[in-house]
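Numbering (full-length UniProt numbering), first residue to last: 1 to 150.
Okay, structure coming up:
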C-alpha cells in the first residue's frame, strides 16, 4: 500500500478508479503516461479488477476499478522481515532502479529460481520478494522470478 500512494499521480489515479470504472485511455488523457504506469502497478499488486467495456471505437477497451473501498490492517511481523519490506518500500527511486536493473539482468529472459538470485545478490528472500513486488518489470511465478511481458 505504501508504494500505491507514494506519488501524487498514483494517489490521484487510485482515487479515480475507486470512484468508477476507467480505461487506460481515460487515465492517460487525464494523467499522462505516468497514470498508465500506475494502472499497471495496481494491476500487478492486485489492487484493481478489470473488465472489457464497449467504447465509441470499434474495439472494447479494458477498464479498471479498485477491489477495495477500505482497508483494515492489523498485523504482527518479525522486525527482521518488516525492516526489509519497509526498506524497499521507502527506497529512493534511483536506488530502486539500480537494484531492479541488476535483478532484471540476473533473471534473464528465461527466469530463475528466487533462492539462487537472493544468494547471488546477497539479500534476504524477504527483500527479494519486496523488490519484485515493487517492480512493474518482474513477477513471481511459483518459486521462480520472471520478466513480465510488455
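Even for Gly, the Cβ is constructed at its ideal location relative to N, Cα and C.
Are residue 132 and residue 64 close, meaning C-beta to C-beta below 7 Å? Position 132 of the chain shown, counted from the start, is the residue given in the question as residue 132. Position 64 of the chain shown, counted from the start, is the residue given in the question as residue 64. Against a cut-off of 7 Å, the Cβ pair of residue 64 and residue 132 comes out as no contact.
In chain order, which continuous runs of the beta strand (DSSP E) of length 3 or greater are located wholly inside the segment 43 to 125? As far as the segment 43 to 125 is concerned, its whole beta strand (DSSP E) runs of at least 3 residues are 48 to 53 and 61 to 66.
Going by beta-carbon coordinates alone, are residue 66 and residue 85 separated by less than 7 Å? If you number the chain shown from 1, residue 66 lands on position 66. If you number the chain shown from 1, residue 85 lands on position 85. No, the pair does not count as a contact, with Cβ atoms beyond the cut-off.
I'd like to check one pair, residue 9 with residue 38: are the Cβ atoms closer than 7 Å? Residue numbering aside, residue 38 sits at position 38 when the chain shown is read from its first letter. Residue numbering aside, residue 9 sits at position 9 when the chain shown is read from its first letter. In this structure, residue 38 sits near residue 9, with a CB-CB distance shorter than 7 Å.
Rounding to the nearest angstrom, what Cα-Cα distance links residue 71 and residue 1 in this structure? If you number the chain shown from 1, residue 71 lands on position 71. If you number the chain shown from 1, residue 1 lands on position 1. Each residue's alpha carbon lies about 10 Å from the other.
For residue 128 and residue 113, the rounded distance between their alpha carbons: In the chain shown, the residue the question calls residue 113 occupies position 113. In the chain shown, the residue the question calls residue 128 occupies position 128. Each residue's Cα considered, the two are about 12 Å apart.
According to DSSP, is residue 7 helix, strand or coil? Against the chain shown, residue 7 aligns to sequence position 7. For residue 7, the three-state secondary structure derived from DSSP is coil.
Assess contact between the segment 85 to 97 and the segment 54 to 62, defined as three or more Cβ pairs (one per stretch) separated by less than 8 Å. Is contact present? no
Assuming contact is defined by CB atoms lying nearer than 7 Å, are residue 130 and residue 88 in contact in what I supplied? As a position in the chain shown, residue 130 is number 130, starting the count at 1. As a position in the chain shown, residue 88 is number 88, starting the count at 1. Yes, the Cβ-Cβ distance between residue 130 and residue 88 is below 7 Å.
Indicate the three-state DSSP secondary structure (helix, strand or coil) for residue 2 in the structure shown. For the purposes of this step, residue 2 is identified with residue 2 of the chain shown, where counting begins at 1. Coil, per DSSP.
Within 10 Å of its beta-carbon, does residue 107 have 16 or more other beta-carbons around it, so buried, or fewer, so exposed? Taking the chain shown and counting its residues from 1, one reaches residue 107 at position 107. Under this definition residue 107 is a buried residue.
What number of angstroms, rounded off, separates the C-alpha of residue 90 from the C-alpha of residue 116? For the purposes of this step, residue 90 is taken as residue 90 along the chain shown, with counting starting at 1. For the purposes of this step, residue 116 is taken as residue 116 along the chain shown, with counting starting at 1. Answer to the nearest angstrom: the Cα atoms are 25 Å apart.
Within 10 angstroms of its Cβ, does residue 135 collect 16 or more other Cβ (buried), or is it exposed? On the chain shown, position 135 is the one that residue 135 refers to. Residue 135 is buried by the Cβ-count criterion.
Pull up the distance between the alpha-carbon of residue 153 and that of residue 45, whole angstroms please. Residue 153 lies beyond the stretch modelled for the chain, which goes from 1 to 150, so this question has no answer here.
Assuming residue 29 is part of the alpha helix (DSSP H), what are its boundary residues? Counting from 1 along the chain shown, the entry for residue 29 is found at position 29. Here the alpha helix (DSSP H) through residue 29 covers 24 to 31.
If you draw a straight line from the C-alpha of residue 68 to the C-alpha of residue 19, how long is it? Along the chain shown, one-based indexing puts residue 68 at 68. Along the chain shown, one-based indexing puts residue 19 at 19. Approximately 11 Å, taken between the alpha carbons.
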